[in-house]
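In the working numbering, the protein residues as written are 40 to 195.
Cβ coordinates follow ideal geometry from the N, Cα and C atoms, glycine included.
I have placed the structure first, in the form of structure tokens, so that the comments after it can refer back to it.
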């Protein structure tokens, strides 16, 4: 049987870890629940659960559209033919673009940078010339806007 690697006490002091079921029957694994900035903001009470759920939904939509950020490239994974995009990914990307249009440029850029590109709210505020102290409040407003945009996305 393979040795199980458990997190160190120093790691557990900094991060929240939960045990989750895997797809293999009876198998469980540990998952870090605060590895993204959006998770940090939820853990420390800067955003509420509804705002976090909207951020998670945007992240899932971005991943479904096949737009995950890769740090390195591989020639074997280069797109061939029509780019290997499925109907599901195309619809997810279309919904992603609808959200961007519905939210507006500034609001969407905030959630895009913080949620998808994992920038802190203060980093985002500095990049657009806003005050650091107002960053979390602006993030909350943008996440509320995102939640509203998701509700309106289903309506025609």
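Within the continuous alpha helix (DSSP H) that includes residue i, where are the two ends?
i, result
"residue 172", "Looking at the DSSP string, residue 172 is not in any alpha helix (DSSP H), and its letter there is neither H nor E."
"residue 194", "No alpha helix (DSSP H) contains residue 194, which DSSP labels as neither H nor E."
"residue 89", "88-103"
Classify residue i as buried or exposed, calling it buried when 16 or more other Cβ atoms lie within 10 Å of its own Cβ.
i, result
"residue 171", "exposed"
"residue 51", "exposed"
"residue 55", "exposed"
"residue 59", "exposed"
"residue 81", "buried"
"residue 93", "buried"
Provide the residue span of the beta strand (DSSP E) that contains residue i, from first to last.
i, result
"residue 58", "56-60"
"residue 69", "67-71"
Can you tell me whether residue i is helix, strand or coil according to DSSP?
i, result
"residue 141", "helix"
"residue 45", "coil"
"residue 75", "coil"
"residue 126", "helix"
"residue 159", "coil"
"residue 148", "helix"
"residue 179", "helix"
"residue 64", "coil"
"residue 106", "coil"
Worksheet item: Is the stretch 54-72 touching the stretch 86-97, taking contact as three or more C-beta pairs under 8 Å?
Response: no
Worksheet item: Looking at C-beta atoms only, is the number of pairs between the stretch 175-193 and the stretch 94-106 that lie closer than 8 Å three or more?
Response: yes
Worksheet item: Is the stretch 154-169 touching the stretch 128-137, taking contact as three or more C-beta pairs under 8 Å?
Response: no
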